[in-house]
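Numbering (the working numbering), first residue to last: 8 to 577. For each residue, glycine too, the CB sits at the ideal point set by N, CA and C. Presented below is the structure to which this report refers.
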RNA sequence: CGGAGCGUAGCGCAGCCUGGUAGCGCGCCUGGUUUGGGACCAGGAUGUCGGAGGUUCGAAUCCUCUCGCUCCGACCA
């Protein structure tokens, strides 16, 4: 591609509304353009990268035996009503009506559609297993879209769905996808981790997330420093371990704690270690309030309480709800005398003489003890894992890092097949529910994650497999005939050798061309200038390492081919 | 959903408090000089000041409503 024929509007300044590096650079490099909050156009350069990611995903899905199809963006409401998600999915589901007043939604994921397709064509165990996938635009009306392609409302996703007759078969399908995912992210040149995850709104029995490690990641990844265990913080197990305190039981004492809302305040006022204070959090679990006790120095994990109770939604109660059920204001809730089911994190059972809220304004209680002063419905692992916690699988310690979730695979089981009656007849002629799995990859997010992981102060640094162009030829002075001719000739030869090349043939000053080249981050840059042309040489510079070398004109094409082939082979 | 902030030229911003009919830098167009890391000189074009209503002789500026966008929070016990 010739720069002068291309559409590549780069920006010198960083647009004000971009916060993270990948978003800023994509805007500056003219890869994307925002049309509304969380809704973007892919400009030519951006689309090239998207296509690269798609192609790697497609190749690996095909290799793993999945078959490509394409489903509609507009989904009829009936299927969503049948699965129960029309009501359950909430405001994230963008709904609309057609001219006849029929309800539709923009597909945020396609379990309903694919299950409908499969149930109507699959009748016999002989037709299974099958795994169908698509690469398609999804729409989720996110509460807060942000960070460019990282969390858009409209985004491109690869979603695959497997259908099996047996548990073993379903596990095999899951395993194949897992392998395929590892290959995909390796081929993309990303540093990633596969972690155990909570299955969230999609549902199902177990799942793994693929996290690209980056500071700006929205997810916290817990991993063990000595074994391979890794999990999303929502899922990471906390070992139930401790020694029951032996201190004598103190009497309960009412203490005035004026204005003390936080554990830190209370700790100071009562002169108690935060680990001796117990927070009482009121949580609405499927609209029913429950109390959850967490040690003052720990953090509540809403996903864990939700899963413990087999609920579908858990959220912190509002100020009004708290006052209604505890009789006291926010910040002063406590378990004593509370008429709610009380769930407590395991750590609480080892405490004696706790400090808790008094369920009235400016009052806390000291010397509170289990059984004597209140009883707990059930103890469980209800807190977030933290750095330094022991690993449940070995003697190691947890460390935490941040990650960007680029892929997520779920073993669904029969959740959708049961609800939507997707059954098959087995060898004995008995009707059974099909066992499903589903597997997603955020295509745009993967591209953005790559930028988060690979950039410097000058711009993006594309790994060859994702690069929009493999080589950029910078012709320093196109008005000089010898230089221009040399550049054109090199361009022609590269095209002939199927190298993806961008020829910067603009009549601009060198500085502008170099700055743009660094911004766009094409891995291999060849500079054709008057000095080199006179000697029959060009300069080769790698964007990643910055290595620069002078190469005879005669060797440059084979040298580039060699480097590209080597990078793509791995 | 709660909180905060911002909408003025393609981009980045100033002007608003204290009302008088819009400006700076970059970019863009023309001509010239330049040409190995975002050049210089001269000339030029570009705005329903997000929208609607109100106050006023007069509104980018004050008031009301509205739309859009961004950030933070949703861990508060």
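Where residue i falls, given that 16 or more other Cβ within 10 Å makes a residue buried
{"i": "residue 174", "result": "exposed"}
{"i": "residue 497", "result": "buried"}
{"i": "residue 141", "result": "buried"}
{"i": "residue 475", "result": "buried"}
{"i": "residue 103", "result": "exposed"}
{"i": "residue 305", "result": "buried"}
{"i": "residue 64", "result": "buried"}
{"i": "residue 399", "result": "buried"}
{"i": "residue 243", "result": "buried"}
{"i": "residue 477", "result": "buried"}
{"i": "residue 257", "result": "exposed"}
{"i": "residue 42", "result": "exposed"}
{"i": "residue 180", "result": "buried"}
{"i": "residue 292", "result": "buried"}
{"i": "residue 514", "result": "exposed"}
{"i": "residue 107", "result": "exposed"}
{"i": "residue 575", "result": "exposed"}
{"i": "residue 261", "result": "exposed"}
{"i": "residue 504", "result": "exposed"}
{"i": "residue 82", "result": "buried"}
{"i": "residue 14", "result": "exposed"}
{"i": "residue 607", "result": "Outside the modelled stretch of the chain, which goes from 8 to 577, sits residue 607, for which no answer is possible."}
C-alpha gap between residue i and residue j, whole angstroms
{"i": "residue 425", "j": "residue 440", "result": "6 Å"}
{"i": "residue 407", "j": "residue 237", "result": "9 Å"}
{"i": "residue 105", "j": "residue 91", "result": "21 Å"}
{"i": "residue 484", "j": "residue 517", "result": "8 Å"}
{"i": "residue 18", "j": "residue 159", "result": "22 Å"}
{"i": "residue 192", "j": "residue 156", "result": "18 Å"}
{"i": "residue 87", "j": "residue 421", "result": "16 Å"}
{"i": "residue 163", "j": "residue 10", "result": "27 Å"}
{"i": "residue 499", "j": "residue 562", "result": "15 Å"}
{"i": "residue 435", "j": "residue 317", "result": "34 Å"}
{"i": "residue 112", "j": "residue 143", "result": "15 Å"}
{"i": "residue 188", "j": "residue 268", "result": "46 Å"}
{"i": "residue 545", "j": "residue 24", "result": "40 Å"}
{"i": "residue 382", "j": "residue 190", "result": "51 Å"}
{"i": "residue 466", "j": "residue 385", "result": "53 Å"}
{"i": "residue 44", "j": "residue 146", "result": "12 Å"}
{"i": "residue 50", "j": "residue 16", "result": "9 Å"}
{"i": "residue 521", "j": "residue 115", "result": "41 Å"}
{"i": "residue 66", "j": "residue 52", "result": "22 Å"}
{"i": "residue 172", "j": "residue 77", "result": "24 Å"}
{"i": "residue 536", "j": "residue 486", "result": "11 Å"}
{"i": "residue 38", "j": "residue 32", "result": "8 Å"}
{"i": "residue 299", "j": "residue 253", "result": "24 Å"}
Within 9 Å, strictly: CB atoms of residue i and residue j
{"i": "residue 200", "j": "residue 410", "result": "yes"}
{"i": "residue 329", "j": "residue 320", "result": "no"}
{"i": "residue 344", "j": "residue 366", "result": "yes"}
{"i": "residue 29", "j": "residue 462", "result": "yes"}
{"i": "residue 239", "j": "residue 246", "result": "no"}
{"i": "residue 35", "j": "residue 473", "result": "no"}
{"i": "residue 364", "j": "residue 333", "result": "yes"}
{"i": "residue 446", "j": "residue 95", "result": "no"}
{"i": "residue 492", "j": "residue 195", "result": "no"}
{"i": "residue 74", "j": "residue 138", "result": "yes"}
{"i": "residue 249", "j": "residue 391", "result": "no"}
{"i": "residue 259", "j": "residue 374", "result": "yes"}
{"i": "residue 148", "j": "residue 99", "result": "yes"}
{"i": "residue 369", "j": "residue 266", "result": "yes"}
Integer-rounded CB distance, given that residue j should sit under 8 Å from residue i
{"i": "residue 533", "j": "residue 481", "result": "7 Å"}
{"i": "residue 501", "j": "residue 564", "result": "6 Å"}
{"i": "residue 283", "j": "residue 358", "result": "7 Å"}
{"i": "residue 413", "j": "residue 444", "result": "The pair is not a contact, with the Cβ atoms about 18 Å apart (cut-off 8 Å)."}
{"i": "residue 290", "j": "residue 315", "result": "Contact doesn't hold; Cβ gap of about 11 Å is too wide."}
{"i": "residue 350", "j": "residue 297", "result": "6 Å"}
{"i": "residue 202", "j": "residue 215", "result": "7 Å"}
{"i": "residue 418", "j": "residue 170", "result": "Between residue 170 and residue 418 the Cβ distance is about 12 Å, and since that is not below 8 Å, they are no contact."}
{"i": "residue 270", "j": "residue 281", "result": "5 Å"}
{"i": "residue 307", "j": "residue 341", "result": "Not really, about 15 Å apart at Cβ, beyond 8 Å."}
Exercise. Between the region 454-470 and the region 215-223, do at least 3 Cβ pairs fall closer than 8 Å?
Worked result: The region 454-470 makes contact with the region 215-223, as at least three CB pairs between them are under 8 Å.
For this session: Evaluate the contact criterion for the region 263-279 versus the region 376-384: three or more CB pairs, one atom per stretch, below 8 Å.
Result: Contact between the region 263-279 and the region 376-384 is absent, because fewer than three Cβ pairs lie under 8 Å.
For this session: Kindly confirm or deny that the region 499-513 and the region 233-248 touch, where touching means at least three C-beta pairs closer than 8 Å.
Result: Cβ pair count under 8 Å is below three, so no.
For this session: Mind the definition here: the region 519-532 touches the region 547-554 only if three or more C-beta pairs lie below 8 Å; say whether that holds.
Result: Contact holds: three or more Cβ-Cβ distances are below 8 Å.
Problem set entry | At least three beta-carbon pairs within less than 8 Å, the region 420-435 to the region 145-158 | Contact fails: fewer than three Cβ-Cβ distances are below 8 Å.
Exercise. Any chance the region 40-59 sits against the region 122-138, with 3 or more Cβ pairs inside 8 Å?
Worked result: In this structure the region 40-59 does not lie against the region 122-138, because fewer than three pairs of beta carbons, one per stretch, are closer than 8 Å.
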